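J.: Got a structure for you, written out below as structure tokens; questions coming shortly.
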Ligand code: FES
Ligand code: FES
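Chains as they are written, first to last, in my numbering: chain Y, 5 to 156; chain W, 2 to 754.
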């Protein structure tokens, strides 16, 4: 066990956990930030995607000890009012079905648009390919990313 | 005007003092449009009045509707309340939706599956709304001393034209709750619908995009422990012993013990198809710690003997179930299924003299199709929260079928039903998997053992290797042709492990004079269960691929050929019990022909068509494939759907798009195999799922406009895609695809997948 001072969604938070504990479980079990989801545990599905210093990372493969002073943003901290352009576009296109993958999809999309505000179809497919949607909302996700890109 | 007898859902008027469901995330319909303005924002009422178990009205006019069915992504949490709101005659903006708990004394059918939510809820939901509206009108009539018949309502307002009196629903709610419930109630005419047929956004949209806790996996209470499970590594094996010491002393580990789901004298029901009744549970302080302990746990497994028991069947009749012993292999499954190409099956339907016609045929075409076991792979792995103390149990879990697991929980815990409360979590996908809810029983047993609240979660590996798979199937089709290529006879022989996929009375039965259908099955100890459009999800692909090849052999356009057969079935049907309406079937084929511009595709586009009827709905689909950089790409999918009245069109289209993506994914990649009883894939690194890059670039879902009562939607768009894709790939590559998944064969043709 070790103590970590984390910067999450603009707040300083402290946890006392095993250094190998993935951020996914630190967020979910220890910090009650359960918007970040568990899907596979091996960086294959994207359900656990968060931002580390603005980049999309799979929190299931990110040990808490590797986070150090990096800024972590989760779906809960993407915007204060739930009105990030990506979130708004997701509602406009009524993207979610079961919804379980969508926090991860939104975090991947938001990171993409940050680095590439006007992505092509191929850019979107590449950036989002690590996020599985078992319900098959891919065409809506693509449309929503494009809408968000216009409203940045 | 249609009239409904309120008796059919009398139980919804049962009053209870405290409404369950407090403290959950609220789902506001008006929040769907992001942040409401101050004016839009209705304050929470000081007092709520319950008009029936679906409807609460606040003193300020805010409406809460309870959505009875579990939500797994088909959006019933929005569309079922829409039915209530329509007849209640309220402004959707003032509606708030809450997920009802499992409460069979108050709700009729809290089951999600078989695409029946809207179909079966169509009259009861509207009746609940119309009855509550009638109570409000009666309350106003009494207050104003005017006849009810002179009172009108609109958008949550009650008016009496002559006296000019007006009141909001909130003002009359308290009195309405005390009025006598009318016996018969008039339902709206279709032409008067204001909410039904107009797209409404997912009531949980905002909660989803902001990451609010809604799933059982998100549950946490004071003092809650975490649990992981360890199940046998292979089908045909069971627990022999385990070494508790191998995990005790590990960080955060509290206990490890085995649990058994079924008491010896328990009579299982049809949905008690759990794979491994005895498993090991590890309890600890966090998910990560119990997952670590899982890896360390030392256990010995042994081969399970053959077991036989009586189980209550689907309809309630007892059936004998045999689970054979042994460790099964995919290679031997395939070999045993292939024997049936030449072995007879059980005759399920015979019209005319098919055997005689085949003997005299000028030409016989015979093709065999097959598909592997499939894992559901819901995005949220199986899990459940349970708090069992003394003789009381509270369970919160992802289940499609709480009613089917309650008895199992009762026997496992030895706690009477009345003391077991099951609350319904939003599910991260279902697809049939969560009709089998033994994860709830497991969590409950673990909690009972430790007498503390617990959240049990499967790893993805547990989830993928614990069974309840779509069975593996095979079907051989034969057609007899004369020298002029006229169709003389048709023969289908289909089976699987452990069940046959055949629906003997479906198309093309009824359209061909000489028709033979045979079924067969091979027993297995691999646990199977419902998977989106059970049986149809295979047989549609086989049948519609064969019809495509047959049309080509006969020199006919594939749509024309199907329409000819359907014309025959309509005007002069062969045999009885044909379970489809040929005109509606033909209707969707004509519609997709039109919408896809079938006759004049874009250059370099390879198209395939397919149509199927299941879950009371008709669907035809056209898939357009292009080959780009040596890679087959699905450019467009056109679907024409006849599911009667469409309640929430945009959400319905979303569901349809998802089914199409799901079908293409499984046709290309879906496959579970076994070696010595052990699943060969346990996570998404090996089990390939369709991703963004392989999804169709565009999907168009078109609905036939009619006034038929709504039928199924979640499943019917799934089965036809397999053949539409296979038929378009044939056009693209010149090769027919008989064996799912298709990707390995495409790769053998040097195409990139
Ligand atoms: S849970 Fe992290 S990628 Fe799947
Ligand atoms: S919405 Fe269900 S997994 Fe994506």
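Just so you know, even glycine gets a beta-carbon here, dropped at the ideal spot from N, CA and C. Since the model is a prediction, treat every value here as computed from it, not as a measurement.
(1) Give me the Cα-Cα distance between residue 367(W) and residue 752(W), rounded to the nearest whole angstrom.
(2) Mind checking if residue 62(Y) is an interface residue toward chain W, Cβ cutoff 7 angstroms exclusive?
(3) Looking only at its chain, what residues have a beta carbon closer than 6 angstroms to the beta carbon of residue 517(W), apart from the 5 residues adjacent to it on each side?
(4) List, in chain order, every chain W residue whose beta-carbon is nearer than 7 angstroms to that of residue 76(Y).
(5) Can you look up residue 34(W) in the DSSP assignment and give me helix, strand or coil?
(6) Taking its Cβ as the centre, do 16 or more other Cβ atoms sit within 10 Å of residue 38(W), making it buried, or is it exposed?
(7) Would you verify that the beta carbon of residue 692(W) is, or is not, closer than 7 angstroms to some beta carbon of chain Y?
(8) What in chain Y is Cβ-close to residue 461(W), meaning under 9 angstroms?
(9) Where residue 642(W) and residue 539(W) are concerned, what is the direct C-alpha to C-alpha distance, given to the nearest angstrom?
(10) Based on the DSSP secondary-structure assignment, which residues constitute the bridge partners of residue 256(W)?
(11) I want to see whether chain W comes within less than 7 angstroms of residue 100(Y), judged by CB atoms only; does it?
(12) To the nearest angstrom, how far is the alpha carbon of residue 408(W) from that of residue 182(W)?
(13) So, is residue 299(W) buried or exposed, given that buried needs 16 or more other C-beta atoms within 10 angstroms?
(14) Ordered along the chain, which non-local residues of its own chain (more than five positions away) have a Cβ less than 8 angstroms from that of residue 176(W)?
(15) Using only the heavy atoms of ligand 3, determine whether one of them is closer than 6 angstroms to the beta carbon of residue 64(Y).
(16) Is DSSP giving residue 68(W) helix, strand or coil here?
(17) Would residue 344(W) pass as an interface residue toward chain Y - the criterion being a Cβ-Cβ separation below 7 angstroms?
(18) Enumerate in chain order the residues of its own chain whose CB-to-CB distance from residue 270(W) is below 6 angstroms, with the five nearest sequence positions on each side excluded.
(19) Have a look at 589(W), 304(W), 136(W) and 321(W) and flag the residue whose alpha-carbon is nearest the alpha-carbon of residue 327(W).
(20) Could you give the distance in angstroms between the alpha-carbon of residue 311(W) and the alpha-carbon of residue 266(W)?
(21) Quick one: residues in its chain with C-beta nearer than 8 angstroms to the C-beta of residue 291(W), no 5 flanking neighbours on either side, listed in chain order?
(22) Span of the alpha helix (DSSP H) holding residue 566(W)?
(23) Of all the CB atoms in chain W, is at least one closer than 7 angstroms to the CB of residue 3(Y)?
(24) Thinking residue 703(W) and residue 612(W) are a contact (beta carbons under 8 angstroms), I'd like their distance in whole angstroms, please.
(25) Do you know whose CA, among 220(W), 447(W) and 532(W), lies nearest residue 257(W)'s CA?
(26) Would DSSP call residue 194(W) helix, strand or coil?
(27) With DSSP collapsed to three states, give me the class of residue 100(W).
(28) Which whole runs of the alpha helix (DSSP H) in the region 491-539 of chain W are 4 residues long or more, in chain order?
(29) For residue 546(W), which option in 736(W), 221(W), 380(W) and 615(W) has the closest C-alpha, if you only look at C-alpha atoms?
(30) To the nearest angstrom, how far is the alpha carbon of residue 100(W) from that of residue 225(W)?
(31) In chain Y, what lies closer than 7 angstroms to residue 209(W) by C-beta?
(32) Along chain Y, which residues have their Cβ under 7 angstroms away from the Cβ of residue 49(W)?
(33) Run through chain Y and tell me which residues come within less than 7 angstroms of residue 255(W), C-beta to C-beta.
(34) Tell whether a beta-carbon distance below 7 angstroms holds between residue 385(W) and residue 334(W).
(35) What separation, rounded to the nearest whole angstrom, lies between the Cα atoms of residue 387(W) and residue 397(W)?
(36) Going by beta-carbon coordinates alone, are residue 392(W) and residue 420(W) separated by less than 7 angstroms?
T.: To lay it out plainly:
(1) By one-based count along the second chain, residue 367(W) stands at place 366. By one-based count along the second chain, residue 752(W) stands at place 751. Their Cα atoms are separated by approximately 27 angstroms.
(2) Your numbering for residue 62(Y) matches position 58 in the first chain. No, no contact with chain W.
(3) One-based indexing of the second chain puts residue 517(W) at position 516. Here the set comprises 351, 355 and 492.
(4) On the first chain, position 72 is the one that residue 76(Y) refers to. Listed along the chain, the chain W residues whose CB falls inside 7 angstroms of the CB of residue 76(Y) amount to none; the nearest CB is some 14 angstroms away.
(5) Your numbering for residue 34(W) matches position 33 in the second chain. Because the pLDDT at residue 34(W) is just 41, under 50, the model does not fix this residue reliably, and the point stays unresolved.
(6) Taking the second chain and counting its residues from 1, one reaches residue 38(W) at position 37. Reliability of the predicted coordinates at residue 38(W) is poor, the pLDDT of 48 falling under 50, and no value is obtained from them.
(7) The residue you call residue 692(W) lines up with position 691 of the second chain. In terms of beta-carbon proximity, residue 692(W) lines the interface with chain Y, with at least one pair separated by less than 7 angstroms.
(8) Taking the second chain and counting its residues from 1, one reaches residue 461(W) at position 460. Neighbours of residue 461(W) on chain Y, chain order: 42, 43, 44, 45, 46, 48 and 49.
(9) As a first step, residue 642(W) is located in the second chain; it is residue number 641 there, counting from the start. As a first step, residue 539(W) is located in the second chain; it is residue number 538 there, counting from the start. Rounded to whole angstroms, residue 642(W) to residue 539(W) spans 19 angstroms at the Cα level.
(10) For the purposes of this step, residue 256(W) is taken as residue 255 along the second chain, with counting starting at 1. Note: residue 256(W) sits in a beta bridge opposite 284(W).
(11) The residue given as residue 100(Y) occupies position 96 in the first chain. It does; some Cβ of chain W falls within 7 angstroms.
(12) Stepping through the second chain from its first residue, residue 408(W) is reached at position 407. Stepping through the second chain from its first residue, residue 182(W) is reached at position 181. Rounded to the nearest angstrom, the two C-alpha atoms are 33 angstroms apart.
(13) Counting from one through the second chain, the residue named residue 299(W) turns up at place 298. So residue 299(W) ends up on the exposed side.
(14) Your numbering for residue 176(W) matches position 175 in the second chain. Excluding sequence neighbours, residue 176(W) sits near 140, 143 and 144.
(15) Absence of ligand 3 is noted for the structure shown, with ligand 1 and ligand 2 being the only ligands found.
(16) The residue you call residue 68(W) lines up with position 67 of the second chain. Strand, per DSSP.
(17) Position 343 of the second chain holds residue 344(W). Not closer than 7 angstroms to any Cβ of chain Y, the Cβ of residue 344(W) fails to qualify, so no.
(18) The residue you call residue 270(W) lines up with position 269 of the second chain. If we look at residue 270(W) and ignore the five residues flanking it on each side, its Cβ neighbours are 313.
(19) Taking the first residue of the second chain as 1, we reach residue 327(W) at position 326. For residue 327(W), the closest of 589(W), 304(W), 136(W) and 321(W) by C-alpha to C-alpha distance is 304(W).
(20) To locate residue 311(W), count along the second chain from 1; it is residue 310. To locate residue 266(W), count along the second chain from 1; it is residue 265. Distance between the alpha carbons of residue 311(W) and residue 266(W) is about 11 angstroms.
(21) Here residue 291(W) corresponds to residue number 290 of the second chain, with the count starting at 1. Result list for residue 291(W): 227, 228, 229, 253, 254, 283, 284 and 285, in chain order.
(22) The residue given as residue 566(W) occupies position 565 in the second chain. First-last of the alpha helix (DSSP H) with residue 566(W): 559-572.
(23) The displayed coordinates of chain Y run from 5 to 156. Any statement about residue 3(Y) would go beyond what the structure contains.
(24) Within the second chain, residue 703(W) is the residue found at index 702, counting from 1. Within the second chain, residue 612(W) is the residue found at index 611, counting from 1. With 8 angstroms as the limit, residue 703(W) and residue 612(W) do not qualify as a contact, their Cβ atoms being about 13 angstroms apart.
(25) For the purposes of this step, residue 257(W) is taken as the residue at position 256 of the second chain. That would be 447(W), whose Cα lies nearest to the Cα of residue 257(W).
(26) For the purposes of this step, residue 194(W) is taken as the residue at position 193 of the second chain. Per DSSP, reduced to three states, the secondary structure at residue 194(W) is coil, with no helix or strand assignment.
(27) Mapped onto the second chain, residue 100(W) falls at position 99. Note: residue 100(W) maps to strand in three-state DSSP.
(28) Runs of the alpha helix (DSSP H) lying entirely within the region 491-539 of chain W and spanning at least 4 residues: none are present.
(29) Counted from its first residue, the second chain places residue 546(W) at position 545. Cα-wise, what sits closest to residue 546(W) is 736(W).
(30) Position 99 of the second chain, counted from the start, is the residue given in the question as residue 100(W). Position 224 of the second chain, counted from the start, is the residue given in the question as residue 225(W). For residue 100(W) and residue 225(W), the distance between alpha carbons rounds to 23 angstroms.
(31) Taking the first residue of the second chain as 1, we reach residue 209(W) at position 208. In chain order: 100, 103 and 106.
(32) If you number the second chain from 1, residue 49(W) lands on position 48. Ordered by position in chain Y, no residue passes the 7 angstroms Cβ test against residue 49(W), which lies about 26 angstroms from the chain.
(33) Taking the second chain and counting its residues from 1, one reaches residue 255(W) at position 254. Here the premise fails: no neighbours, minimum Cβ distance about 15 angstroms.
(34) Along the second chain, read from residue 1 onward, the residue named residue 385(W) stands at position 384. Along the second chain, read from residue 1 onward, the residue named residue 334(W) stands at position 333. At least 7 angstroms separates the beta-carbon of residue 385(W) from that of residue 334(W).
(35) Residue numbering aside, residue 387(W) sits at position 386 when the second chain is read from its first letter. Residue numbering aside, residue 397(W) sits at position 396 when the second chain is read from its first letter. Residue 387(W) and residue 397(W): Cα-Cα distance of roughly 6 angstroms.
(36) Position 391 of the second chain, counted from the first residue, corresponds to residue 392(W). Position 419 of the second chain, counted from the first residue, corresponds to residue 420(W). It is a contact, given that the beta carbons lie within the stated cut-off.
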